[in-house]
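Residue numbers (this note's numbering): 1 to 196.
Below you'll find the structure, written out as structure tokens, and then a few comments.
What follows is the structure in structure tokens.
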């Protein structure tokens with residue numbers, strides 16, 4: 001709907017300039033109206049067309065930048081959980097991923113899902129995941145209105161993320177912790193798949 005509201009004035013100005021040029025400037029008879037007013041009207045319509053287009057472009061780019069910042073703030077709240085998950089699956093001499101990658105790169109989530117499905121985490125890592133879920137749960141829950149500013153779909157998946165994080169915080173054995181962690185990662189993957 002917003003897209004059509006942006007393009008409608010541009011179409012009006014562009015079509016008006018085209019019809020004024022076509023019907024008044026191609027006539028053969030000399031006419032004071034055509035010689036004086038019509039070029040001004042055509043110029044006005046063309047200026048309106050370009051100004052609306054330019055202002056719409058700036059507004060759209062600022063809106064996209066704002067939505068990107070909202071998305072980054074949401075993903076940043078999951079950084080500690082993803083960081084402990086990364087550490088839990090590290091090889092003996094491997095380095096943990098940088099925070100920027102954990103916050104911005106959605107491609108790491110499928111890798112974590114595959115690792116959870118194929119490997120077992122050690123007990124210490126599972127305890128760390130549970131603790132970070134307990135500490136992060138209130139923050140993640142408070143960010144539901146931020147997700148709603150992106151779209152209704154973002155909000156629904158963020159609520160699913162919050163619920164799966166609550167399940168992880170309440171889990172008391174290996175099976176429930178792994179199941180809740182996998183569910184949380186799949187919800188994050190669905191959230192990342194949405195466009196904004």
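Note that CB positions come from ideal geometry on N, CA and C, so glycine has one too.
Please read these numbers as outputs of a predicted model, since none were measured by experiment.
Let me confirm a value: residue i is counted as buried when at least 16 other C-beta atoms fall within 10 Å, else exposed. Which label applies?
i, result
"residue 64", "exposed"
"residue 49", "buried"
"residue 154", "buried"
"residue 84", "buried"
"residue 127", "exposed"
"residue 43", "exposed"
"residue 200", "The structure shown does not extend to residue 200, since the chain is modelled only from 1 to 196, so the question has no answer here."
"residue 180", "buried"
Below 9 Å between beta carbons: does that hold for residue i and residue j?
i, j, result
"residue 150", "residue 51", "no"
"residue 59", "residue 113", "no"
"residue 109", "residue 185", "yes"
"residue 125", "residue 88", "yes"
By the three-class DSSP mapping on this structure, what secondary structure does residue i have?
i, result
"residue 180", "helix"
"residue 93", "coil"
"residue 115", "helix"
"residue 98", "coil"
"residue 106", "coil"
"residue 56", "helix"
"residue 173", "coil"
"residue 133", "helix"
"residue 122", "coil"
"residue 65", "helix"
"residue 139", "helix"
"residue 190", "helix"
"residue 150", "helix"
"residue 83", "helix"
"residue 164", "helix"
"residue 78", "coil"
"residue 40", "helix"
Just to confirm my understanding: we take residue i, look at its own chain, exclude 5 residues before and 5 after, and list those with CB closer than 6 Å. What are they?
i, result
"residue 103", "75, 76 and 79"
"residue 192", "106"
"residue 86", "96 and 97"
"residue 182", "116"
Excluding the 5 residues preceding and the 5 following residue i in the sequence, name in chain order all residues of the same chain whose CB lies nearer than 8 Å to its CB.
i, result
"residue 130", "168, 169, 171 and 177"
"residue 144", "155, 158, 159 and 162"
"residue 99", "79 and 83"
Could you name the residues of the same chain whose beta carbon sits closer than 7 Å to that of residue i, not counting the 5 residues immediately before and after it, in chain order?
i, result
"residue 146", "70, 73 and 74"
"residue 28", "In this predicted model, residue 28 has a pLDDT of only 48, less than 50, meaning its place in the structure is not dependable enough to derive any value."
For residue i, verify whether its CB is less than 8 Å away from any heavy atom of the ligand HEM.
i, result
"residue 136", "The ligand content of the structure shown is nil, which means the ligand HEM is not present either."
Checklist entry - If you pair each beta-carbon of the region 79–91 with each one of the region 128–145, do three or more pairs fall below 8 Å? => result Proximity of the region 79–91 to the region 128–145 meets the contact definition, three or more beta-carbon pairs being nearer than 8 Å.
Item to check | the region 163–172 / the region 107–125 touching (three or more Cβ pairs under 8 Å) | outcome: By the criterion of at least three beta-carbon pairs nearer than 8 Å, the region 163–172 is not in contact with the region 107–125.
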